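A.B. asks:
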Amino acid sequence: MHAALTGKDISLSAYKHDNPLIHILPITGKILRYVMLSADNDWLLVKLHKSFTYNGLNIDYVLIKRPIRRDIELKKPNQLVALKLVPDVTQLDVHQQADFYPLEFWALCR
């Protein structure tokens with residue numbers, strides 16, 4: 010079930026008009042792999058097709074997951090996901106605590 014999403018392209022768009030990423034979203038990317046953060050292995054690492062800058066950080070990767078234990082369904086619109094910015098992807102295997110990636114936003118996934 011998890012492996013079916015690896016290598017797939019997704020699109021992320023803003024959820025609500027007051028989202029701090031409103032001027033960056035929508036963005037697209039490719040799901041690379043599942044990542045475990047704080048004993049939760051439902052996070053997906055997404056390599057963005059186009060990087061962006063947020064608060065001086067260059068963002069090439071994000072982590073996403075559904076707020077409840079459900080898988081993302083490809084091509085289904087408006088799936089609410091938590092989105093964490095990953096300023097340094099090399100730290101993912103070193104820092105596996107969710108609070109190491111404090112910037113968390115809501116987005117819609119398709």
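Letter by letter, the sequence shown follows residues 10 to 119 of my numbering.
All C-beta atoms, glycine included, are put in the ideal place defined by N, C-alpha and C.
Model, not experiment: these values are computed from the prediction.
Under 8 Å by Cβ, that's how I've got P76 and L92 pegged, so tell me the actual separation to the nearest angstrom.
C.D. replies: So it is not a contact: roughly 11 Å between Cβ atoms.
A.B. asks: Based on DSSP bridge pairs, tell me the residues matched to Q88.
C.D. replies: Its beta-bridge partners are C118.
A.B. asks: Relative to the alpha-carbon of V95, which residue among L53, N28 and L117 has its alpha-carbon at the smallest distance?
C.D. replies: Checked all of L53, N28 and L117; the closest Cα to V95 is L53.
A.B. asks: Return yes when the Cβ of I73 is within less than 8 Å of the Cβ of S60, no when it is not.
C.D. replies: No, the Cβ-Cβ distance between S60 and I73 is not below 8 Å.
A.B. asks: Can you name the residues that DSSP bridges to L21?
C.D. replies: According to DSSP, which records beta bridges pairwise, L21 is partnered with I36 and C118.
A.B. asks: In terms of DSSP beta bridges, what is N67 paired with?
C.D. replies: T62, per the DSSP bridge assignment.
A.B. asks: Are there 16 or more other CB atoms within 10 angstroms of the CB of L30, so buried, or fewer, so exposed?
C.D. replies: Per the 10 Å Cβ criterion, buried.
A.B. asks: Have a look at the DSSP bridge pairing and note the partners of E113.
C.D. replies: According to DSSP, which records beta bridges pairwise, E113 is partnered with K93.
A.B. asks: Might you give, ordered along the chain, the residues of its own chain that have their beta carbon closer than 6 Å to the beta carbon of I36, omitting 5 neighbours on each side?
C.D. replies: Excluding sequence neighbours, I36 sits near L21 and L57.
A.B. asks: At the level of alpha carbons, what is the spacing between I40 and N50?
C.D. replies: In a straight line, the C-alpha of I40 is about 14 Å away from that of N50.
A.B. asks: State the Cα-Cα distance for the pair A13 and H26, rounded to the nearest angstrom.
C.D. replies: Taking the straight line from one Cα to the other gives about 32 Å.
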